[in-house]
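Visitor:
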Amino acid sequence: MGNIKKIINGKEYSEKFLKQVYTLSTNFYKRFNRKPCLAVILVGDNTASGIYVKNKVHTAEKNGIKSVKVILSNKVSEASLLNEILKLNEDQNVDGILVQLPLPVHISEKNIIHSINPMKDVDGFHPINFGKLFMGNPNFIPCTPLGCYYMLKNELKELSGKNAVIIGRSNIVGKPMASLLLASNCSVTITHSKTKNLREHCKKADILISAVGIPEMVDETYVKNNAIILDVGINRLQFVNSETKANETKLVGDVNFGKVVNIAKKITPVPGGVGPMTIACLMHNTVKAAYKNKKQSFNDILGEIF
Ligand code: GUN
Numbered sequence: 214m215g216n217i218k219k220i221i222n223g224k225e226y227s228e229k230f231l232k233q234v235y236t237l238s239t240n241f242y243k244r245f246n247r248k249p250c251l252a253v254i255l256v257g258d259n260t261a262s263g264i265y266v267k268n269k270v271h272t273a274e275k276n277g278i279k280s281v282k283v284i285l286s287n288k289v290s291e292a293s294l295l296n297e298i299l300k301l302n303e304d305q306n307v308d309g310i311l312v313q314l315p316l317p318v319h320i321s322e323k324n325i326i327h328s329i330n331p332m333k334d335v336d337g338f339h340p341i342n343f344g345k346l347f348m349g350n351p352n353f354i355p356c357t358p359l360g361c362y363y364m365l366k367n368e369l370k371e372l373s374g375k376n377a378v379i380i381g382r383s384n385i386v387g388k389p390m391a392s393l394l395l396a397s398n399c400s401v402t403i404t405h406s407k408t409k410n411l412r413e414h415c416k417k418a419d420i421l422i423s424a425v426g427i428p429e430m431v432d433e434t435y436v437k438n439n440a441i442i443l444d445v446g447i448n449r450l451q452f453v454n455s456e457t458k459a460n461e462t463k464l465v466g467d468v469n470f471g472k473v474v475n476i477a478k479k480i481t482p483v484p485g486g487v488g489p490m491t492i493a494c495l496m497h498n499t500v501k502a503a504y505k506n507k508k509q510s511f512n513d514i515l516g517e518i519f
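So that you can map any letter, position 280 of the sequence shown is 493 in our numbering, and since no number is skipped, the others follow by simple counting.
1) Using a 10 Å radius around the Cβ and a threshold of 16 neighbouring Cβ atoms, would you call I480 buried or exposed?
2) Let me check you understand the geometry: is the CB of D336 closer than 7 Å to at least one non-hydrogen atom of the ligand GUN?
3) Whole angstroms are fine: how far does the CA of N246 sit from the CA of T404?
4) By the three-class DSSP mapping on this structure, what secondary structure does N296 have?
5) Any heavy atom of the ligand GUN closer than 7 Å to the CB of V307?
6) Pull up the distance between the alpha-carbon of N306 and that of D513, whole angstroms please.
7) Name the DSSP bridge partner or partners of A377?
8) Quick check: is any heavy atom of the ligand GUN less than 7 Å from the C-beta of L394?
9) Do you know offhand how far T402's Cα is from H414's?
10) In or out: I284 buried (at least 16 other Cβ within 10 Å) or exposed?
11) Curious, which full-length beta strand (DSSP E) runs of at least 3 residues does the region 233-309 contain?
12) Which ranges would you report for the beta strand (DSSP E) in the region 344-394 if only whole runs of at least 3 residues count?
13) So for T462, helix, strand or coil by DSSP?
14) Apart from the five residues just before and just after N438, which ones in its own chain have a Cβ nearer than 7 Å to its Cβ?
15) How long is the line joining the alpha carbons of I329 and F347, rounded to whole angstroms?
16) Here's the rule I'm using: 16 or more other beta-carbon atoms within 10 Å means buried, otherwise exposed. How should T491 be labelled?
17) Keeping to the same chain, check which residues put their C-beta closer than 8 Å to that of K224; ignore five residues upstream and five downstream.
18) So F452 is in the beta strand (DSSP E); what residue range does that whole segment cover?
19) Return the residue from the list N454, G263, E303 and I447 that minimises the CA-CA distance to L464.
20) Could you pull out every residue in the same chain whose Cβ sits closer than 6 Å to the Cβ of N342, ignoring the five residues on either side in sequence?
21) Over what stretch of residues does the beta strand (DSSP E) that includes L443 continue unbroken?
22) Hey, would you say the C-beta of C494 is under 7 Å away from at least one heavy atom of the ligand GUN?
23) Tell me whether K501 sits in a helix, a strand or coil according to DSSP, three-state version.
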């Protein structure tokens, strides 16, 4: 088999998925005479966060979703940020609220996440949404694991009984990913920086999901023959261009694509793998929040998750 079918094309997935989101958002507009609305709060001048927010806002606009951008200085107090969130919580015309992470160190991410109205929590980070997911009754599911899950379901059809290994135990990716896979009857291992014999764990994976943030760490010594690999890492790597000798940067994942592509059955590239589906899922969650805000039933593109 050539590499064409082997590569899980997240961009293609997201384009098809967003067409369905667009249909839902235009139907919403016809019924309620306004677009679904996503508020995005960016604190400080973290370059990567700035790019992510720009991408989210741009994708919203392209898909029939209004976006409100709130940009606050690095020095904003926690109380002022909480006040901004309170205003958005109370605004009936705002359906979804997202606070881009990470936040400056003087602000408690926990306090901020807890302050978002769970019915507008399109990131799915609020403890109520997090708990609902873990109890098998999800409301908003975090976007990165949701995008991974959607592609896995489409690529594999049957997840039941598979060994899934996740590298990384964050609340944004590792833990909710484990919950989704567990609900699909996978046997799930969450590994992390203190895991002993990481390679041995990973070598047993039918499904290997890396969200560790170490450039190209996962090489052929971590991968079982015919494994499905999802690479959540987005790492900027500096290198010297061998022709021009200039310093350049490129985006790489946690997985050394070149070294594992011939072992894996399927693999997501970076860029163009998990990233585009993450944003598409944010749009999905926003439209879902809008329908819920209007107390309307929502014919979910994802069907019944569990
Ligand atoms: N920072 C990195 N990933 C995310 C995400 O999914 N949501 C938010 N709000 N911040 C992030």
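Every residue, glycine too, gets a C-beta built ideally from N, C-alpha and C. Since we're looking at a predicted model, the values are computed, not measured.
Guide: Put simply:
1) It counts as buried.
2) At least one heavy atom of the ligand GUN is nearer than 7 Å to the Cβ of D336, so yes.
3) In this model, T404 and N246 are separated by some 47 Å (Cα to Cα).
4) Correct three-state label for N296: helix.
5) Checking the Cβ of V307 against the ligand GUN gives no.
6) Roughly 21 Å between the two C-alpha positions.
7) As DSSP reads the structure, A377 sits in a beta bridge with V401 and I420.
8) At a threshold of 7 Å, L394 does not count as near the ligand GUN, since its beta carbon sits no closer than that to any of the ligand's heavy atoms.
9) T402 and H414 have their C-alpha atoms some 8 Å from each other.
10) The residue is exposed, with fewer than 16 neighbouring Cβ atoms inside 10 Å.
11) For the region 233-309, whole beta strand (DSSP E) runs of length 3 or above, ordered along the chain, are 250-256 and 279-285.
12) When DSSP assignments are scanned along the region 344-394, the uninterrupted stretches of beta strand (DSSP E) that are 3 or more residues long and fall wholly within it turn out to be 376-380.
13) DSSP places T462 in strand when its eight states are reduced to three.
14) Spatial neighbours of N438 in its own chain (CB-CB distance under 7 Å, excluding positions within 5 residues in sequence) are listed in chain order as I476.
15) Rounded to whole angstroms, I329 to F347 spans 19 Å at the Cα level.
16) Result: buried.
17) These residues qualify, in order along the chain: G485 and P489.
18) Here the beta strand (DSSP E) through F452 covers N448 to V453.
19) When N454, G263, E303 and I447 are compared, the shortest CA-CA separation from L464 is found for I447.
20) P331, D334, N352 and F353.
21) Per DSSP, L443 belongs to the beta strand (DSSP E) from I441 to D444.
22) Remark: the shortest separation between the CB of C494 and any heavy atom of the ligand GUN does not fall under 7 Å.
23) Helix.
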